[in-house]
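Read through the structure below, which is laid out as structure tokens, and then see the notes.
Protein chains: 4
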Amino acid sequence: MRVRYAETDQMGIVYYSNYLVWMEIGRVEFCRSRGVRYREMEAEDRVLLTVAEANCRYHGPARYDEEVVVRTWLEKAHPRMVVFGYQMLSAEGRMLVSGSTKHVFCGPDLKPARLPEKYWKEFGIGIGERQSGA
Amino acid sequence: MRVRYAETDQMGIVYYSNYLVWMEIGRVEFCRSRGVRYREMEAEDRVLLTVAEANCRYHGPARYDEEVVVRTWLEKAHPRMVVFGYQMLSAEGRMLVSGSTKHVFCGPDLKPARLPEKYWKEFGIGIGERQSGA
Amino acid sequence: MRVRYAETDQMGIVYYSNYLVWMEIGRVEFCRSRGVRYREMEAEDRVLLTVAEANCRYHGPARYDEEVVVRTWLEKAHPRMVVFGYQMLSAEGRMLVSGSTKHVFCGPDLKPARLPEKYWKEFGIGIGERQSGA
Amino acid sequence: MRVRYAETDQMGIVYYSNYLVWMEIGRVEFCRSRGVRYREMEAEDRVLLTVAEANCRYHGPARYDEEVVVRTWLEKAHPRMVVFGYQMLSAEGRMLVSGSTKHVFCGPDLKPARLPEKYWKEFGIGIGERQSGA
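Chains as they are written, first to last, in our numbering: chain Z, 1 to 134; chain H, 1001 to 1134; chain L, 2001 to 2134; chain F, 3001 to 3134.
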């Protein structure tokens, strides 16, 4: 991913809210790599992944036109919620931002809902969680 | 309206796409001043105002924390489309951007639709336009 | 503050990174109310307020055209850093988002720097902090 | 390029100002393909490419997660200004947006300046233009 001019501010660095946009790109790609297309999950199964929490630590600035790598992993997953972890690094490996986002699965009315079982495997939700009735 | 830090770029001035966001603010306020709440038009009458064209001329830069005035007027209106004109000025009257946006009224399927007659007066659409069957 | 159309996403609610933009608006207004114009601090004293951490908890969604109130306060302040707390509420008092941001004072080279003493009072930095040599 | 969730609005389509961000991506890539790195032009030669005009025609909406192709070409170039043309298409070739942006070369003071001759070839500025002293 390459930093867009629109994403910089007058300090000459990336404005701090844009990293949350990149986190979204990271988790969409993470889901895609597991075989889940978030667009279809939303359109066909009427499951929305709403954000409950977001946390960022800014280690160093990203600059215009720089290539940025977003690493995304699953920190925790239940049929009702999921936590993603992130690291954003420059192409040379300099740490830019680390953070996490916590999400709650919701129906189209934005009320909490259980993730349909067909998606459990992709989110690493196993038998243990099912029994605990999370 | 005051320029947000997020709206600047590394030139130290407002990034050029943000003026289109301000145009939107201008036309929403214009509608509100005429008694039309766009949110209700969209929610209750299922009329969307999609954008067909946008044109901007950049006369001078706006800077962080500057107060900006958005002047909005109706350039043209038919039951199927409307054109808004805009001028954005600094608080001291320096011209920043002028421009226009052309909109097409659509249904929730994003297909063109006629504006319900109850809104005609607010958009200055009169008997002449009705006869011409625009 | 009124929610802009540009700030919504296809869930029909405000996209989650925009709250960080509103936090910025909150802290700029907070500073202004204390007599500090951030623009001047940056331009004249070459002090930048870089972001080191940002945390958000999303309690309920904000929707298009809704009026939002941003409450901002100082949680902690030293000559080298400052923590702001935030609550964002709907006009009716419904909690939308709470959170905090931690900032480090920097010079124009983005290296940490001490806040000039003339700003200490505004940030509530007193004798105690000065002695502790923070 | 893939449409980001952040770029959609509550109509479920891409918010209209984002296409100007994509145009920027298109022209940066266009310059890169010609061997001009805009970042270096700005940092080393102190030449800024300010926007004087932007025009968009919206043919059809882009949706979340869709792949979008940005075609960029040079419509006109002088040592003082350049016009880029754009077409944005879906991966299947459906036209989304067409448009153009006009730019003026400026110095770091944002005053108009001539493009250094070393960049002329990349922008297709030839002997004819040089003689006409544009």
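From the three backbone atoms N, C-alpha and C, an ideal C-beta is built for every residue, glycine too.
This one's a predicted model, so the numbers in the text were calculated from it and none came from an experiment.
Can you list, in chain order, the stretches of the beta strand (DSSP E) that have 3 or more residues and sit fully within the segment 46–96 of chain Z?
-> 48–58, 68–77, 81–90, all fully within the segment 46–96 of chain Z.
List the endpoints of the continuous alpha helix (DSSP H) containing H:Val1021.
-> For this step, residue 1021 of chain H is matched to residue 21 along the second sequence. Here the alpha helix (DSSP H) through H:Val1021 covers 1018–1033.
Neighbouring residues, chain F, relative to L:Asp2009 (Cβ below 8 Å) | By one-based count along the third sequence, residue 2009 of chain L stands at place 9. Ordered by position in chain F, the residues that pass the 8 Å Cβ test against L:Asp2009 are Tyr3005, Ala3006, Thr3008, Asp3009, Gln3010.
Between L:Val2069 and F:Asp3009, what straight-line distance do the alpha-carbon atoms span, to the nearest angstrom?
-> Translated into positions along the third sequence, residue 2069 of chain L becomes position 69. Translated into positions along the fourth sequence, residue 3009 of chain F becomes position 9. Computed Cα separation, rounded: 22 Å.
Please go through the same chain and pick out, in chain order, the residues whose beta-carbon is closer than 6 Å to the beta-carbon of F:Glu3067, but skip the five residues on each side of it.
-> Within the fourth sequence, residue 3067 of chain F is the residue found at index 67, counting from 1. So the list reads Arg3002, Ala3091, once near-sequence residues are dropped.
Under the DSSP definition of a beta bridge, which residues are partnered with F:Phe3105?
-> As a working note, residue 3105 of chain F is residue 105 in the fourth sequence. Answer by DSSP bridge pairing, in chain order: F:Leu3049.
H:Asn1055 to F:Tyr3016, Cα distance in whole Å?
-> Here residue 1055 of chain H corresponds to residue number 55 of the second sequence, with the count starting at 1. Here residue 3016 of chain F corresponds to residue number 16 of the fourth sequence, with the count starting at 1. If you draw a straight line from the Cα of H:Asn1055 to the Cα of F:Tyr3016, it comes to about 12 Å.
Z:Val14 - partner residues in DSSP beta bridges = By 1-based counting over the first sequence, the position of residue 14 of chain Z is 14. Note: Z:Val14 sits in a beta bridge opposite Z:Thr8.
Would F:Glu3153 count as contacting chain H if we go by Cβ distances under 8 Å?
-> It is not possible to answer for residue 3153 of chain F, since the shown part of chain F is limited to 3001 through 3134.
Using DSSP with H/G/I as helix, E/B as strand and the rest coil, what is L:Arg2114?
-> Translated into positions along the third sequence, residue 2114 of chain L becomes position 114. Residue state, collapsed to three classes: coil.
Would you list the residues sitting across from F:Arg3037 in a DSSP beta bridge?
-> Translated into the one-based positions of the fourth sequence, residue 3037 of chain F becomes position 37. DSSP lists no partner for F:Arg3037.
I think L:Met2023 touches L:Gly2099, with their Cβ atoms under 8 Å apart; what is that distance to the nearest whole Å?
-> By 1-based counting over the third sequence, the position of residue 2023 of chain L is 23. By 1-based counting over the third sequence, the position of residue 2099 of chain L is 99. Yes, they are in contact, since the Cβ atoms of L:Met2023 and L:Gly2099 sit about 7 Å apart, within 8 Å.
Do you know offhand how far L:Ala2134's Cα is from L:Ala2077's?
-> On the third sequence, residue 2134 of chain L is found 134 positions in, with the first residue counted as 1. On the third sequence, residue 2077 of chain L is found 77 positions in, with the first residue counted as 1. Residue placement at L:Ala2134 cannot be trusted, given a pLDDT of 34 that sits under 50; what the coordinates show is reported in the next sentence. Roughly 10 Å between the two C-alpha positions.
Inter-residue spacing [alpha-carbon to alpha-carbon] between F:Met3011 and F:Asp3065 = Working through the fourth sequence from its first residue, we reach residue 3011 of chain F at position 11. Working through the fourth sequence from its first residue, we reach residue 3065 of chain F at position 65. Roughly 15 Å separates the two Cα atoms.
Among residues of its own chain, excluding the 5 on either side of H:Glu1042, which ones have a beta-carbon nearer than 7 Å to its beta-carbon?
-> By one-based count along the second sequence, residue 1042 of chain H stands at place 42. Apart from sequence neighbours up to five positions away, the residues of its chain that approach H:Glu1042 with a beta-carbon distance below 7 Å are Leu1048, ordered along the chain.
Excluding five sequence neighbours on each side, which residues of the same chain lie with their C-beta closer than 7 Å to the C-beta of F:Arg3046?
-> The sequence position of residue 3046 of chain F within the fourth sequence is 46, counting from 1. Take F:Arg3046, set aside five residues on each side of it, and the residues of its chain with a beta-carbon closer than 7 Å to its own are Gly3107, Pro3108, in chain order.
Neighbourhood of Z:Arg114 by C-beta distance below 8 Å, restricted to the same chain and skipping five residues each side | As a first step, residue 114 of chain Z is located in the first sequence; it is residue number 114 there, counting from the start. Cβ neighbours of Z:Arg114 within its own chain (closer than 8 Å, five residues either side excluded): Pro79, Arg80, Phe105.
Take H:Leu1110 as the anchor and find which of F:Arg3063, F:Met3088, F:Pro3112, F:Gln3087 has the nearest alpha-carbon.
-> Here residue 1110 of chain H corresponds to residue number 110 of the second sequence, with the count starting at 1. Minimum Cα distance to H:Leu1110 is reached at F:Arg3063.
Identify, in the order they occur along the chain, each residue of the same chain with its Cβ nearer than 7 Å to the Cβ of F:Gly3035, setting aside the five sequence neighbours on each side.
-> For the purposes of this step, residue 3035 of chain F is taken as residue 35 along the fourth sequence, with counting starting at 1. Closer than 7 Å at the Cβ level, and outside the excluded window around F:Gly3035, lie Glu3122.
Test: Z:Pro17 CB closer than 8 Å to a CB of chain H | Locating residue 17 of chain Z in the first sequence gives position 17, counting from the first residue. Note that residue 17 of chain Z corresponds to Ser in the displayed sequence, not to Pro. For Z:Ser17, at least one C-beta of chain H is nearer than 8 Å to its own C-beta.
What is the rounded straight-line gap between the Cα of Z:Ala52 and the Cα of H:Glu1117?
-> Sequence index remark: in the first sequence, residue 52 of chain Z carries index 52 (1-based). Sequence index remark: in the second sequence, residue 1117 of chain H carries index 117 (1-based). So the two alpha carbons sit approximately 42 Å from each other.
Going along chain H in order, which residues have a C-beta closer than 8 Å to the C-beta of F:Tyr3058?
-> Indexing the fourth sequence from 1 puts residue 3058 of chain F at position 58. Under the 8 Å cutoff, chain H gives Thr1050, Val1051, Ala1052, Glu1053, Ala1054.
Note down, in chain order, every chain F residue with its Cβ under 7 Å from the Cβ of Z:Tyr64.
-> Working through the first sequence from its first residue, we reach residue 64 of chain Z at position 64. Within 7 Å Cβ-Cβ: Arg3039.
Nonlocal neighbours in the same chain, by C-beta distance under 7 Å from Z:Arg141, ignoring five residues either side = The structure shown has nothing for residue 141 of chain Z, since chain Z only spans 1 to 134.
Leaving out the 5 sequence neighbours to the left and right, which residues in its chain are closer than 6 Å to F:Arg3071 when beta-carbon positions are compared?
-> As a first step, residue 3071 of chain F is located in the fourth sequence; it is residue number 71 there, counting from the start. Here the set comprises Gln3087.
With 8 Å set as the bound, which would you pick, yes or no: does the beta-carbon of F:Glu3044 sit closer than that to a beta-carbon of chain Z?
-> Taking the fourth sequence and counting its residues from 1, one reaches residue 3044 of chain F at position 44. By this cut-off, F:Glu3044 is not an interface position.
Cut-off 6 Å between Cβ atoms - residues of its own chain near F:Gly3026, not counting five sequence neighbours on either side | Residue numbering aside, residue 3026 of chain F sits at position 26 when the fourth sequence is read from its first letter. Within its own chain, the residues whose Cβ lies closer than 6 Å to the Cβ of F:Gly3026, once the five positions on either side in sequence are excluded, are Val3070, Thr3072, Tyr3086, listed in chain order.
Could you work out which residues of chain H lie near L:Ile2025, taking near to mean beta carbons separated by less than 7 Å?
-> To locate residue 2025 of chain L, count along the third sequence from 1; it is residue 25. What L:Ile2025 touches in chain H: Arg1004.
Would you tell me roughly how many angstroms separate the C-alpha atoms of F:Val3082 and F:Pro3112, rounded to the nearest one?
-> Position 82 of the fourth sequence, counting from 1, holds the residue named residue 3082 of chain F. Position 112 of the fourth sequence, counting from 1, holds the residue named residue 3112 of chain F. In a straight line, the C-alpha of F:Val3082 is about 12 Å away from that of F:Pro3112.
Please confirm if L:Ile2125 has its CB atom under 8 Å from at least one CB of chain Z.
-> The residue labelled residue 2125 of chain L in the question sits at position 125 within the third sequence. So, not an interface residue.
Quick one: Cα of Z:Leu89 to Cα of Z:Tyr58, how far?
-> As a working mapping, residue 89 of chain Z is identified with position 89 in the first sequence. As a working mapping, residue 58 of chain Z is identified with position 58 in the first sequence. Rounded to whole angstroms, Z:Leu89 and Z:Tyr58 show a C-alpha spacing of 11 Å.
Is it buried or exposed for H:Val1014, if we count other Cβ within 10 angstroms and need 16 for buried?
-> Taking the first residue of the second sequence as 1, we reach residue 1014 of chain H at position 14. Under a 10 Å Cβ-count criterion, H:Val1014 is classified as buried, with 16 or more other Cβ atoms of the shown protein chains found around its own Cβ.
Spatial distance of L:Ser2132 from L:Trp2120 (CA atoms) = The count along the third sequence starts at 1 and reaches residue 2132 of chain L at position 132. The count along the third sequence starts at 1 and reaches residue 2120 of chain L at position 120. Bear in mind that the predicted position of L:Ser2132 carries a pLDDT of just 42, short of 50, making it too unreliable to give a figure here.
Under 9 Å Cβ-Cβ, which residues of chain H neighbour F:Pro3061?
-> Position 61 of the fourth sequence holds residue 3061 of chain F. Those within 9 Å of F:Pro3061 in chain H are Thr1050, Leu1110.
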